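J.: Dropping a structure here in structure tokens format, bear with me for questions.
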Amino acid sequence: MNEKNESYAYFVIAGGFDPVDVTARVGVTPSQAWAKGDLAERTKQRRESSSWSLYSRLDRSATLESHVQDVLEQLDSNKADFRALSVEYGGVMELVGYFYDYYPGLFFNRRTVEHLAEYALSMDYDFYFWDKPEAPTPAEGGP
Numbered sequence: 457m458n459e460k461n462e463s464y465a466y467f468v469i470a471g472g473f474d475p476v477d478v479t480a481r482v483g484v485t486p487s488q489a490w491a492k493g494d495l496a497e498r499t500k501q502r503r504e505s506s507s508w509s510l511y512s513r514l515d516r517s518a519t520l521e522s523h524v525q526d527v528l529e530q531l532d533s534n535k536a537d538f539r540a541l542s543v544e545y546g547g548v549m550e551l552v553g554y555f556y557d558y559y560p561g562l563f564f565n566r567r568t569v570e571h572l573a574e575y576a577l578s579m580d581y582d583f584y585f586w587d588k589p590e591a592p593t594p595a596e597g598g599p
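Listed below in structure tokens is the structure:
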């Protein structure tokens with residue numbers, strides 16, 4: 457298996473709002489947004505709440521810490537409104553990692569933690585660890 461680790465981060469709020477209004481309020485185009493009642497492409501189910509997300513602009517080979525910094529820099533473009541939205545709708549910094557080779561660990565320096573706190577963000581970590589496949593033994597149907 458020659459898979460490389462991949463990771464990304466994004467800011468997200470969810471709740472009872474019109475995503476178009478959120479975009480107008482912060483003056484930033486979301487990476488992804490939908491309104492309550494919209495049809496989810498993958499599941500074909502109606503969305504139960506609205507969502508507005510802003511993803512890192514970095515390549516997925518960058519560190520999670522770098523992705524978080526990039527998202528925070530985007531939020532800094534309109535600190536007051538992003539903070540207000542985060543407080544109102546329970547803003548979350550989502551971290552996603554697909555680890556094939558190794559787990560690189562995760563470290564946030566004090567400044568990054570303070571920066572996250574400026575936006576009253578919760579943190580959610582979705583990490584997936586993929587084992588390297590090994591040759592099956594004869595008992596498992598191997599040669």
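In this note's numbering, the protein residues as written are 457 to 599. Even for Gly, the Cβ is constructed at its ideal location relative to N, Cα and C. On a predicted model such as this, the values are computed, not experimentally measured, just so you know.
#1: Could you pull out every unbroken alpha helix (DSSP H) segment of at least 4 residues lying fully inside the stretch 544-575, listed in chain order?
#2: Rounded to whole angstroms, what is the Cα-Cα separation between Arg481 and Tyr558?
#3: Using only the alpha-carbon positions, how far apart do Ala470 and Arg513 sit?
#4: Could you tell me which residues DSSP puts in a beta bridge with Gly472?
#5: Among the residues of its own chain, which have a CB less than 6 Å from the CB of Phe555, if the five just before and after it don't count?
#6: Count the other CB atoms within 10 Å of the CB of Gln488; is the residue buried (16 or more) or exposed (fewer)?
T.: The answer reads as follows:
#1: 566-574
#2: 41 Å
#3: 21 Å
#4: Bridge partners of Gly472: none, in fact.
#5: Asn461, Phe585
#6: exposed
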